[in-house]
Structure formats: C-alpha cells, structure tokens
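Following: one structure in structure tokens, then a few remarks.
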Amino acid sequence: MKKISIIIPTYNEEESIPFLYERLEKIINQIKNYEFEMLFINDGSKDKSLKLIKELRKKDSRICYVDFSRNFGKEIAMLAGLDYAKGDAVIFMDADLQDPPELIPELIKYWEQGYDDVYARRKSRKGETWLKKFTSKMYYRILQSLTKVEIQKDTGDFRLLDRRCVNALKKLRENGRNSKSMFSWIGYNKKEVLYDRNPRIAGKTKWNYKKLIDLAIDGITSFTTSPLRVSSYLSIPTFIILFVYAIYVIVKMIVTGVFVEAFQAIILLILFFSGIQILLFGIIGEYLGRIFNETKNRPLYFVNEYNDEKEMND
Ligand code: UDP
Ligand code: MG
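Residue numbering for the sequence shown follows my numbering, beginning at 74 and increasing consecutively.
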C-alpha cells in the first residue's frame, strides 16, 4: 500500500493542534487505499505543542514528529519534513487549518492521474488584512517580472508532491530558502486546485512584517540575479552623463579660456555618484552575504528528537 506523509510545520500551535488532528483524522480515515503519516515538525515551540503531539502519538501511531533544537523558521521546518517523510507523496499543511484537510482527496485524485505537484490555489483569503493581501499581490508581480521561471499566483505551501519532487527538493539545500520559488524551479507536471482559504482556527499568526520582508528579499535574491543587473543598467546612463558633461566642460574651457565655476554642480554630482555607488555596493553586499552563507555549508537544522528517540546528530 502506498503511503502519504502529511507534513505540518508547527510553531506555538497548542490551540490549533486538537482541532487540526480532529479534522485531519476524519478525512484520512475516509481514504481507504492509502496509508498515512502525520509528520509534525515542532519548530522550537515554547508552548505545549510538543506535549500535545506526543500525547496524540500515544493514541495514534500514524503521528510522527521531528522536534527541532530551537526555532529555525517554517522554510527549514518544511525541508526537515521532506528529509524525514517516508511517504510516496507528501502534503504540506499549516497547523492552523487555513489549509482545509477536506481538499486532500482531490489532491490525491490528481496525483493518481500522474501529476507530480498538485498545488492548491486560493480563490479567497478570509481573515487577512487588506494590506497583507495587497503587499503579497505586488510582491508576486515584481518577482514574476524578474524571472523566466513561472511563479504560481495565490499559492501557498499547501500542496501534494510526488516522491521524485521530494527527492529533487532535498537536493536544494541552500540557506536562504524560499520554497515557493523552489517548487517552480524544479519543474515536473503541475496541477492547480482551487480552494477558499479560511482564517486561522486559533492562536495568532507567526509572521510579522520583518519576517515577511526577509522572506521577500530571500525570494528575489535566491531566485534571480536580476538585481545585480540593475547595477549594470544604472551605470550606463551614469557613464553617458559623465562623458557628455566632461566633454562640455573641456570644450567650454577651450572656447572661453575660463575655468567653469561650478562647485555647486560638482558637489551635486559627487552626491549623485556616491549615492549610486552606495546603492551598487548594497546590491553586491547582498550577494556576497549569500555566498558567505552558502560557503559555510552548515547543516540547516538540528533535530532534538525523532519519534521519542534522541537524535545524536552523528
Ligand atoms: N511556522 C513554523 N515556524 C515559524 C513560523 C511558523 O513552523 O517560525 C508554522 C506555523 O506553526 C503554521 C505555519 O508555519 O503551521 C504557517 O504559519 P502562520 O499561520 O503563522 O502564517 P500565516 O498563515 O499567517 O502566513
Ligand atoms: Mg496561518
């Protein structure tokens, strides 16, 4: 019998877990021809999440968990999920029931038809602020304009991936992770399924604008080197202006015999060019930082416990 692993990144979700288990279990009990594994990745929760997961595991052997040694962030938790999942396919799902478990049979249906990446696209986003919807829309528009790889709109991490996508994703072990761009980047047969995104069932969102901006910058810089190209584009008009201005100064000097008294213009120019230089250094620094991180080649996470066993990290 084929196995499906449901990967649930979990960070301080004690209020949601009971609801999640109840609804998820009901759905997977109805699906008879597959075995299931509910793999919780406890991402350094400070509340009773881990305790709840352990209690559930005593009752239900389909529950597995990986317990991180601290909070590493959702992206890394998802990678750990891929590493530890035993299934022939995996399904990513948030712990807060914003991704309805009722959609799972449909995801499986398309997997059976031969699709490797069945992703859920939201028709609506209930319970999210106008500002969050707007910024996320703008972000995707910018990201798409920067790259040739097609980015799926209005799509989160809620999706089913075939084993070969899982194996592909496991090979992408960079630090500044952005799963959405990786899902697009690996390719394979994709299929879209529409759903209504619900408000979170309990607890508070774990995101704040700083985290979201970090994610956005990681998304852009990990996906494309176009920002580097901005510097080349900017430097072209800069050098043209510089060249024209230099000729003008020299010609005027020769014709009038008087040195151009333009210290104000020069100050402005100095400000202008040093401004551009700072900008360019900023962009170079961004990539340098990434190279620095990648060359360290650190493990991306450490696990404290896997299914009641201490992980020795050997
Ligand atoms: N999450 C995580 N580590 C983090 C932040 C979030 O594993 O550092 C999990 C969280 O428990 C939830 C999912 O990622 O299952 C999505 O988080 P959240 O609902 O807070 O994000 P939102 O839906 O508001 O974008
Ligand atoms: Mg949520």
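Glycine residues also receive a C-beta, built at the ideal position from the N, C-alpha and C atoms.
Every value quoted in this text rests on a predicted model; they were computed, and no experiment measured them.
Environment of residue i [buried if 16+ CB atoms lie within 10 Å]
i           : result
residue 103 : exposed
residue 183 : buried
residue 284 : exposed
residue 218 : exposed
residue 382 : exposed
residue 210 : exposed
residue 229 : buried
residue 99  : exposed
residue 231 : buried
residue 214 : exposed
residue 256 : buried
residue 155 : buried
residue 279 : buried
residue 166 : buried
residue 78  : buried
residue 306 : exposed
residue 150 : buried
residue 146 : buried
residue 254 : buried
residue 330 : exposed
residue 354 : exposed
residue 158 : buried
Reduced DSSP category for residue i - H, G, I as helix; E, B as strand; rest coil
i           : result
residue 250 : coil
residue 142 : coil
residue 111 : strand
residue 317 : helix
residue 382 : strand
residue 278 : coil
residue 395 : Within the shown structure, residues of the chain are numbered from 74 to 387, placing residue 395 beyond reach of any answer.
residue 86  : coil
residue 190 : strand
residue 376 : strand
residue 270 : strand
residue 331 : coil
residue 130 : helix
residue 104 : coil
residue 338 : helix
residue 76  : strand
residue 182 : helix
residue 135 : coil
residue 283 : helix
residue 325 : helix
residue 150 : helix
residue 159 : coil
Anticipated Cβ contact below 8 angstroms, residue i with residue j, distance rounded
i           : j           : result
residue 374 : residue 153 : 6 angstroms
residue 267 : residue 206 : Wrong, their Cβ atoms sit about 17 angstroms apart, outside the cutoff.
residue 142 : residue 376 : 7 angstroms
residue 379 : residue 139 : 5 angstroms
residue 169 : residue 273 : 4 angstroms
residue 87  : residue 125 : 6 angstroms
residue 262 : residue 171 : Contact flag wrong, Cβ pair sits at about 26 angstroms.
residue 264 : residue 191 : 5 angstroms
residue 349 : residue 311 : 6 angstroms
residue 234 : residue 189 : 7 angstroms
Min CB distance residue i to chain B below 9 angstroms
i           : result
residue 287 : Included in the structure is just one protein chain, with no chain B present.
_Quick check: the segment 81 to 90 against the segment 104 to 122, are at least 3 beta-carbon pairs closer than 8 angstroms?_
yes
*Quick one: any contact between the segment 159 to 178 and the segment 229 to 246, if contact means 3 or more CB pairs under 8 angstroms?*
yes
_Under 8 angstroms, with one C-beta from each stretch per pair, do the segment 244 to 251 and the segment 285 to 293 reach the 3-pair mark?_
yes
*Pair every Cβ in the segment 317 to 329 with every Cβ in the segment 354 to 364, then say whether three or more of these pairs are closer than 8 angstroms.*
no
*Is there contact between the segment 125 to 132 and the segment 87 to 102, where contact requires at least three CB pairs shorter than 8 angstroms?*
yes
*Enumerated in chain order, which unbroken segments of the beta strand (DSSP E) with a length of 3 residues or greater are wholly contained in the segment 210 to 267?*
228 to 235
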